[in-house]
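Visitor: Structure in structure tokens, see below.
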Amino acid sequence: MLPSIEQLLVLQDRDQKLKAFRAELNALPLQKQRIEHALAASSSALEQAKQRAREVELQRKKLELTVQSRQEQVARYKSQQMQTRKNEEFQALSNEIARAETEIIGLEDQEIEFMEEAELLQGTIREAEKAFQGAKTQSEEQLAALKTKEDTLRLRIAEIEAERVELAKAVDQNLLFQYNRLFTSKGGDAVVPIEHQVCTGCHMKNTPTVAHRAKSGREVVTCEQCGRILYWQGD
Ligand SMILES: [Zn+2]
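All residue numbers for the sequence shown refer to the numbering used here, where the first residue is 1481 and numbers rise by one.
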């Protein structure tokens, strides 16, 4: 194989690694965001349950106060009843007392409903708290793993970049320019094998002459279709 092709293949291997590592590095912020969103959702579920519990307790207390004031009212009606001598007024007060007592029963039923909901909510809060703690631990582990991955990637990229500078120095500058352009425009494969006259980059057929020139390995040969640098693999 032509020494310059061998050099380009090593360079291409490093460039492909750099490309893959940089893509992995670029994907990290989104992965981090997903982990943070999952934790935020878990935290928000817990907060919602707590907020509902506070509302329920507030409503229950309000009912309790209303019941208390109705009971006081009933007591007042009863003492008025004892003082009155008029039968009509006594009857009217009896009606008021009956109405207030019916209202009290209704209010107490509502209070019981709120108490039952509060009890259910305590269970919900305990579950949500447990889920949140689990999500928190998990997200901390995941974020730590991402950080380790990021550090490793940055280190590997720096190493390969340094190595690449040295490799590139050895390559003919015109050929390097041609290779760099191809690597960028062809999405990462600039130097490809030709197999049975077919360029493995664009999968198009070349003339037997091109295939023969590539096989002889005396010069840099490019694909007639896509312009990629070709080399002969095998025998
Ligand atoms: Zn081609």
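Idealized CB from N, CA, C, for every residue including glycine.
Between the alpha carbons of residue 1700 and residue 1520, how many angstroms are there, rounded?
Guide: Roughly 57 Å between the two C-alpha positions.
Visitor: Can you tell me which of the three DSSP states residue 1482 falls into?
Guide: It is coil, neither helix nor strand.
Visitor: Does residue 1657 come within less than 9 Å of chain D when only Cβ atoms are used?
Guide: The question asks about chain D, but that chain is absent: this structure has only one protein chain.
Visitor: To test your reading of the DSSP string, which unbroken beta strand (DSSP E) runs of 3 or more residues are found completely within the region 1595-1659?
Guide: Correct list: empty.
Visitor: Determine the extent of the beta strand (DSSP E) in which residue 1700 is found, giving its start and end residues.
Guide: Here residue 1700 belongs to no beta strand (DSSP E), and DSSP marks it neither H nor E.
Visitor: Take every Cβ of the region 1652-1663, pair it with every Cβ of the region 1483-1500, and state whether three or more of those distances are shorter than 8 Å.
Guide: Segments in contact, yes.
Visitor: Locate the beta strand (DSSP E) running through residue 1675, then write down its first and last residues.
Guide: Element bounds for residue 1675: 1671-1675.
Visitor: My assumption, with CB atoms under 8 Å, is that residue 1530 sits in contact with residue 1626. Please give the rounded CB distance.
Guide: Contact doesn't hold; Cβ gap of about 30 Å is too wide.
Visitor: Please name the residue or residues paired with residue 1711 in a DSSP beta bridge.
Guide: BP columns for residue 1711 point to 1673.
Visitor: Kindly indicate which residue of 1694, 1581, 1613 has the alpha-carbon position closest to the one of residue 1555.
Guide: Among 1694, 1581, 1613, the Cα nearest to that of residue 1555 belongs to 1581.
Visitor: In the DSSP output, which residue or residues are listed as bridge partners for residue 1497?
Guide: Partner(s): none; residue 1497 has no beta bridge.
Visitor: Name the residue from 1494, 1677, 1696 whose alpha carbon lies nearest to the alpha carbon of residue 1646.
Guide: For the residues 1494, 1677, 1696, the minimum Cα distance to residue 1646 belongs to 1494.
Visitor: Taking 8 Å as the cut-off, does the region 1592-1606 touch the region 1546-1561 (at least 3 CB pairs, one atom from each stretch)?
Guide: No, because fewer than three Cβ pairs between the region 1546-1561 and the region 1592-1606 fall closer than 8 Å, the two stretches do not touch.
Visitor: Considering only heavy atoms of ligand 1, does any lie closer than 8 Å to the CB of residue 1700?
Guide: Outside the cutoff, so no.
Visitor: For residue 1643, which residues from the same chain have a beta carbon less than 8 Å from its beta carbon, with the 5 sequence-adjacent residues on both sides left out?
Guide: Excluding positions up to five away in sequence, the list reads 1494.
Visitor: Is residue 1558 helix, strand or coil by DSSP?
Guide: Looking at residue 1558 - three-state DSSP - the assignment turns out to be helix.
Visitor: Measure how close the beta-carbons of residue 1662 and residue 1707 come, nearest whole angstrom, since I'm counting them as under 8 Å.
Guide: At roughly 7 Å, the Cβ-Cβ gap stays under 8 Å, so residue 1662 and residue 1707 are in contact.
Visitor: Determine the burial state of residue 1670: buried for a count of at least 16 other Cβ atoms within 10 Å of its Cβ, exposed for fewer.
Guide: Looking at its Cβ environment, which holds 16 or more other Cβ atoms inside 10 Å, residue 1670 is buried.
Visitor: Pull every residue with its beta-carbon under 6 Å away from any heavy atom of ligand 1, and keep them in chain order.
Guide: Going by the Cβ distance cut-off, the answer is 1679, 1681, 1682, 1684, 1703, 1705, 1706, 1708.
Visitor: Across which residues does DSSP place residue 1690 in a beta bridge pair?
Guide: Paired residues: none, contrary to the question.
Visitor: Go ahead and label residue 1709 buried or exposed: buried means 16 or more other beta carbons lie within 10 angstroms of its beta carbon, across all protein chains shown.
Guide: Buried: at least 16 other Cβ atoms inside 10 Å.
Visitor: When the Cα atoms are used, what is the spatial distance from residue 1592 to residue 1568?
Guide: Near 36 Å, if we compare the C-alpha coordinates of residue 1568 and residue 1592.
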